[in-house]
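If you're matching positions, the sequence shown starts at 112 in our numbering and goes up one per residue.
Notes to accompany the following structure.
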Amino acid sequence: MRTIVCLAILVCTPSGAYAQCTVRPFGGVNFGAEHGFIDLDDAAGRVQPTFGGAVGWESAGVVGLEVELATSPRFLKGDSGLIDSGRVDTYFANASWRFRSAAARYQPFVAGGIGSARVTLDDVLDAFTSTSNLIAANAGAGVIVAAAPRLRLVGDVRYIRSQYSDTGRSGFDEVHVAWWRASAGVLFRF
Numbered sequence: 112m113r114t115i116v117c118l119a120i121l122v123c124t125p126s127g128a129y130a131q132c133t134v135r136p137f138g139g140v141n142f143g144a145e146h147g148f149i150d151l152d153d154a155a156g157r158v159q160p161t162f163g164g165a166v167g168w169e170s171a172g173v174v175g176l177e178v179e180l181a182t183s184p185r186f187l188k189g190d191s192g193l194i195d196s197g198r199v200d201t202y203f204a205n206a207s208w209r210f211r212s213a214a215a216r217y218q219p220f221v222a223g224g225i226g227s228a229r230v231t232l233d234d235v236l237d238a239f240t241s242t243s244n245l246i247a248a249n250a251g252a253g254v255i256v257a258a259a260p261r262l263r264l265v266g267d268v269r270y271i272r273s274q275y276s277d278t279g280r281s282g283f284d285e286v287h288v289a290w291w292r293a294s295a296g297v298l299f300r301f
């Protein structure tokens with residue numbers, strides 16, 4: 112109970128007009144996926160869940176920086192049962208530019224970053240099992256809505272794409288991943 116009261120006080124107290132540290136958990140869906148991996152479950156193009164979080168810093172003006180971790184545990188997995196694990200984990204360093212100051216109630220923004228996508232494919236026969244680490248980038252836009260002095264609601268859409276890499280056991284051509292991600296979450300300012 113004490114923790115809930117402390118969190119409520121922290122979220123509801125006014126924040127000053129200075130740089131803030133932020134924490135942003137989020138959830139959403141991936142759609143329009145394409146990849147160069149063997150698609151035993153016909154998962155390309157399906158809507159798949161994703162979730163993650165980011166820790167960052169935002170200025171009192173319009174600039175924000177963050178480190179983001181996200182996972183899509185069913186990215187290459189469908190319903191056939193041929194794939195035990197077909198996940199994509201992404202790690203990004205992002206920068207954002209808000210079109211209004213941090214004090215505004217609504218803040219449209221654009222964001223982008225660079226990092227890596229770790230693709231893990233594990234099939235039941237162990238014929239195509241592999242792990243690929245690919246350099247990746249993301250770009251998108253969204254909106255931040257002030258809900259309380261230290262609490263914001265965030266929604267965005269991003270396009271994520273990796274580099275092409277040599278084929279291992281898991282693909283016929285050069286392997287890569289690309290998809291759209293729509294997500295929503297909360298942004299805590301400290």
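Even for Gly, the Cβ is constructed at its ideal location relative to N, Cα and C.
Bear in mind that the values here come from a model prediction, so they are computed numbers and not experimental data.
Residues that DSSP places opposite Glu285 in a beta bridge
According to DSSP, which records beta bridges pairwise, Glu285 is partnered with nothing at all.
Just to confirm my understanding: we take Ala119, look at its own chain, exclude 5 residues before and 5 after, and list those with CB closer than 8 Å. What are they?
Model confidence at Ala119 stands at a pLDDT of 48, short of 50, so the residue's coordinates are unreliable; what they give is reported in the following sentence. Result list for Ala119: empty, nothing under 8 Å.
With a threshold of 7 Å on Cβ separation, who are the neighbours of Gly226 within its own chain once the five nearest residues in sequence on each side are excluded?
Thr201, Tyr202, Phe203, Ala204 and Ala247
Throw me the rounded Cβ distance for the Ala154 and Leu193 pair, which I believe falls under 8 Å.
Going by Cβ atoms, the distance from Ala154 to Leu193 rounds to 10 Å, so no, they are not a contact pair.
Could you pull the start and end residues of the beta strand (DSSP E) that Ser196 belongs to?
Ile194 to Arg209
Determine the DSSP secondary structure at Val116, reduced to helix, strand or coil.
Any reading at Val116 must be qualified, since the residue scores a pLDDT of 47, below 50, and its modelled position is unreliable; the value itself is stated next. Of the three classes helix, strand and coil, the one that applies to Val116 here is helix, per DSSP.
Taking the alpha-carbon positions, what's the Arg211 to Val173 distance?
6 Å
Inter-residue spacing [alpha-carbon to alpha-carbon] between Leu236 and Leu151:
11 Å
Residues bridged to Phe299 [DSSP beta-bridge criterion]:
Val134 and Leu262
Quick check on this structure: which residue in Ala215, Leu180 and Gly156 has the alpha carbon closest to the alpha carbon of Gly189?
Gly156
Closer than 8 Å, CB to CB, is Thr182 near chain D or not?
As a matter of chain content, chain D is missing from the structure shown, which is built from one protein chain.
Pro219: first and last residue of the uninterrupted beta strand (DSSP E) it sits in
Tyr217 to Asp234
Would you kindly work out how many angstroms separate the C-alpha atoms of Leu121 and Ser207, rounded to a whole number?
Residue placement at Leu121 is poorly supported in this model, since its pLDDT is 47, which falls under 50; the coordinates are not used for a value here.
Considering only residues of the same chain and omitting the five flanking positions on each side of Gly163, which have a CB-CB separation below 7 Å?
Phe137, Glu179, Leu180, Ala181 and Thr182
Rank Trp168, Leu176 and Val140 by C-alpha distance to the C-alpha of Thr161 and give the top, closest one.
Val140
Measure the Cβ-Cβ separation of Thr133 and Phe299 and say whether it is below 8 Å.
yes
What residue range is occupied by the uninterrupted beta strand (DSSP E) comprising Val174?
Val174 to Ser183
Helix, strand or coil: how does DSSP classify Ser243 here?
strand
Can you check whether the CB of Gly266 is closer than 8 Å to the CB of Phe220?
no
Euclidean distance between Cα positions of Arg198 and Pro184:
4 Å
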